[in-house]
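Protein chains: 2
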Amino acid sequence: MAKLDFGPIADTTRRAEIVALLRRAILTGQLEPGQKLNELRISEQMRVSRAPLREAMRELVQEGILTSIPYAGTFVIDVTAKDIIDAYSLNKVLDEFAIELTWPQRDQRFFDELDRRHEAVKQATRAVDTTRQIETALQLHGLVYEWADNSVLLETWQRLTSRLQMYFALHQRALNEPVPAEGVHETYVALLKGADLRAAQHHAREHIDVDFEELLAYARGLEKRASKN
Amino acid sequence: MAKLDFGPIADTTRRAEIVALLRRAILTGQLEPGQKLNELRISEQMRVSRAPLREAMRELVQEGILTSIPYAGTFVIDVTAKDIIDAYSLNKVLDEFAIELTWPQRDQRFFDELDRRHEAVKQATRAVDTTRQIETALQLHGLVYEWADNSVLLETWQRLTSRLQMYFALHQRALNEPVPAEGVHETYVALLKGADLRAAQHHAREHIDVDFEELLAYARGLEKRASKN
DNA sequence: TATTGTTAGATTGTCGACAATCTGCTTGTC
DNA sequence: GACAAGCAGATTGTCGACAATCTAACAATA
Numbered sequence: 164m165a166k167l168d169f170g171p172i173a174d175t176t177r178r179a180e181i182v183a184l185l186r187r188a189i190l191t192g193q194l195e196p197g198q199k200l201n202e203l204r205i206s207e208q209m210r211v212s213r214a215p216l217r218e219a220m221r222e223l224v225q226e227g228i229l230t231s232i233p234y235a236g237t238f239v240i241d242v243t244a245k246d247i248i249d250a251y252s253l254n255k256v257l258d259e260f261a262i263e264l265t266w267p268q269r270d271q272r273f274f275d276e277l278d279r280r281h282e283a284v285k286q287a288t289r290a291v292d293t294t295r296q297i298e299t300a301l302q303l304h305g306l307v308y309e310w311a312d313n314s315v316l317l318e319t320w321q322r323l324t325s326r327l328q329m330y331f332a333l334h335q336r337a338l339n340e341p342v343p344a345e346g347v348h349e350t351y352v353a354l355l356k357g358a359d360l361r362a363a364q365h366h367a368r369e370h371i372d373v374d375f376e377e378l379l380a381y382a383r384g385l386e387k388r389a390s391k392n
Numbered sequence: 164m165a166k167l168d169f170g171p172i173a174d175t176t177r178r179a180e181i182v183a184l185l186r187r188a189i190l191t192g193q194l195e196p197g198q199k200l201n202e203l204r205i206s207e208q209m210r211v212s213r214a215p216l217r218e219a220m221r222e223l224v225q226e227g228i229l230t231s232i233p234y235a236g237t238f239v240i241d242v243t244a245k246d247i248i249d250a251y252s253l254n255k256v257l258d259e260f261a262i263e264l265t266w267p268q269r270d271q272r273f274f275d276e277l278d279r280r281h282e283a284v285k286q287a288t289r290a291v292d293t294t295r296q297i298e299t300a301l302q303l304h305g306l307v308y309e310w311a312d313n314s315v316l317l318e319t320w321q322r323l324t325s326r327l328q329m330y331f332a333l334h335q336r337a338l339n340e341p342v343p344a345e346g347v348h349e350t351y352v353a354l355l356k357g358a359d360l361r362a363a364q365h366h367a368r369e370h371i372d373v374d375f376e377e378l379l380a381y382a383r384g385l386e387k388r389a390s391k392n
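The listed protein sequences correspond, in order, to chains A and B.
Our numbering runs 163 ahead of the 1-based position in the first sequence.
Our numbering runs 163 ahead of the 1-based position in the second sequence.
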């Protein structure tokens, strides 16, 4: 008999769906940084009472993409240049660690999954679906975290990913032009398949630095605009 | 006129107080791993309605010390040996990074604060207040994170700290004996004051490994007990 | 005029009640 | 006795209403 492992059943609470909806709205930039979330308005739009909506917002606050001030409101986090720098510098450290943990565990299933995700990025790129392009690229990079078999590291990465996705989406939205060249991930994938751990780790750093410069430029623009208020 | 900077006003919502109460109960081990939190019972004990309690629980779920299953309940996280290993190995990496970031920023205020926190640990040790001993020791180690001036790193550390504190509390509670020797932190503090970055980073690793072995032994005990059910 | 009180409106925080779901037991059937 | 169906109690999820608090505009006062 074939061994079937069923995934967990879908979360059927309103709360979970609201979380997903809000997260998506924030990470795609539909909700802008600093914007206030009016509970009554949103709950009416979603045809839901405020209770599950508020619980959902509490989760997103802890997730780090919303911020809440008692009796004042809940807002989408502001994005500063420093936040982006901080997130990226931590990301480098974590990437190195994740690759190191994953390295001895690589097997055929890993390589297959790597190819699958790489393919997804290329497809999104061809379709010029920028949102999906960001999503798939992050999923490609997330593989080493999933493979590292360290639950706390994975959790940390997922939190970080939320922000990175938000940053990229904002950046992309501001420039309104397609994201980086097509072949960027080629070397990354190749190195992960190779035999040189150090090289892979080193490239992870460099590769990150490519888009980093662009993001920073965008962030500095934000800074300037904010200081005018 | 002296420049006074007022800190933010105290959170006056019931939710915030509930979060603090519950967190403390969990981190000190008053609420045991795996234990279910009955909303009605707790809300009655606290003389609060279920709404703010549920919101508080949502926060602690995202914080990683509670886990929730729809329509089944919310439970204190289970502690497995692997969780402890994972948390510690990530902690090592983060410690190295935090020390590196802090290094060039050390000044007199840093050293003073270092001494102050070190003193707090020693005082708790003398008073044989084991809970406070754990708390102060973690605060001592947290200084480099606060000084590193990287908000995402600090956030990550704080999440990790919750778990570490819980693990130590459980370990201490199980053994029912005073925690490690008195002079453990002496070298750590001295190295942070010194001029050798590499030595400080290296010691942070070794130092951590000391208590690590003890914790692991406790965790393995947990594993055995769990497998009997 | 500048500052301080007051008030109305809007929004968040909290409450108590109801609906949906789960668990364990009982009942009925073979 | 084994097993499925169904019922009762307990618990979680959701709702609508009320209380507490904030904001901004306006009035009062020096």
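The C-beta atom is built at its ideal place from N, Cα and C for all residues, glycine as well.
- Taken in chain order, the unbroken stretches of alpha helix (DSSP H) that lie wholly in the region 253-330 of chain B and span 4 residues or more are 271-289, 293-310.
- The distance from the Cβ of Ser314 of chain B to that of Leu190 of chain B is about 23 Å, inconsistent with a contact at the 8 Å cut-off.
- Only buried fits Glu218 of chain B, as 16 or more other CB atoms lie within 10 angstroms of its CB.
- Residue contact with chain A for Asn201 of chain B: absent (no Cβ-Cβ distance below 8 Å to any residue of chain A).
- The DSSP-derived three-state label of Ile189 of chain B is helix.
- Put simply, the backbone Cα of Ala332 of chain A is about 7 Å away from that of Ile297 of chain A.
- Burial check for Ala183 of chain B: the Cβ neighbour count within 10 Å stays below 16, so the residue is exposed.
- Under a criterion of Cβ atoms nearer than 9 Å, the residues of chain B adjacent to Leu323 of chain A are, in order, Val315, Thr319.
- Contact between the region 300-309 of chain B and the region 278-287 of chain B is present, with at least three C-beta pairs closer than 8 Å.
- For Thr176 of chain B, the chain A residues whose C-beta falls within less than 9 Å of its own C-beta are Pro233, Tyr234, listed in chain order.
- In the three-state DSSP reduction, Thr350 of chain A falls in the helix class (H, G or I).
- Contact annotation: the region 349-369 of chain B does not touch the region 314-323 of chain B, with fewer than three C-beta pairs closer than 8 Å.
- Burial of Val224 of chain A is indicated by the presence of at least 16 other C-beta atoms within 10 angstroms of its C-beta.
- Pairing Glu263 of chain B with Leu277 of chain B, the inter-Cα distance amounts to about 16 Å.
- Using a Cβ-Cβ cut-off of 8 Å, Glu226 of chain B counts as an interface residue toward chain A, since at least one Cβ of chain A sits closer than that to its own.
- For Val256 of chain B, a Cβ of chain A is located within less than 8 Å of the residue's own Cβ.
- No Cβ-Cβ contact shorter than 8 Å links Ala179 of chain A with Ala214 of chain B.
- When only Cα atoms are considered, Tyr351 of chain A and Glu207 of chain B end up about 56 Å apart.
- The C-beta distance from Leu323 of chain A to Leu253 of chain A rounds to 7 Å, short enough to fall under 8 Å.
- At a beta-carbon threshold of 7 Å, the residues of chain B lying near Glu222 of chain A are Arg221, Gln225, ordered along the chain.
- Counting along the chain, no alpha helix (DSSP H) covers Leu194 of chain B, and no H or E run does either.
- At least one CB of chain A lies nearer than 8 Å to the CB of Leu253 of chain B.
- Nearest neighbour of Glu309 of chain A by Cα position, chosen from A:Ala261, A:His348, A:Arg295, turns out to be A:Ala261.
- Secondary structure note for Val211 of chain B: it is in no beta strand (DSSP E), with a DSSP letter that is neither H nor E.
- When B:Ala358, B:Arg279, B:Lys199 are compared, the shortest CA-CA separation from Pro233 of chain B is found for B:Lys199.
- Contact between Ile240 of chain B and Leu378 of chain B does not hold, since their C-beta atoms are separated by about 16 Å, which reaches or exceeds 8 Å.
- The C-beta of Val291 of chain A has fewer than 16 other C-beta atoms within 10 Å across all chains shown, which makes the residue exposed.
- Shown here, Ile232 of chain B sits in a strand according to DSSP, grouped into three states.
- Ala214 of chain A reaches chain B at Ala214, counting residues in chain order whose Cβ is nearer than 7 Å.
- At least one C-beta of chain A is nearer than 8 Å to the C-beta of Asp246 of chain B.
- Inter-residue distance for Asp258 of chain A and Thr265 of chain A is about 10 Å (C-alpha atoms, whole angstroms).
- Within chain A, the residues Glu218 have their CB atoms less than 7 Å from the CB of Arg217 of chain B, given in chain order.
- Proximity to Met209 of chain A across A:Arg177, A:Arg336, A:Ala358, A:Asp249 peaks at A:Arg177, based on C-alpha coordinates.
- Taking the C-beta atoms as reference points, Thr293 of chain B is found no nearer than 8 Å to Gln328 of chain B.
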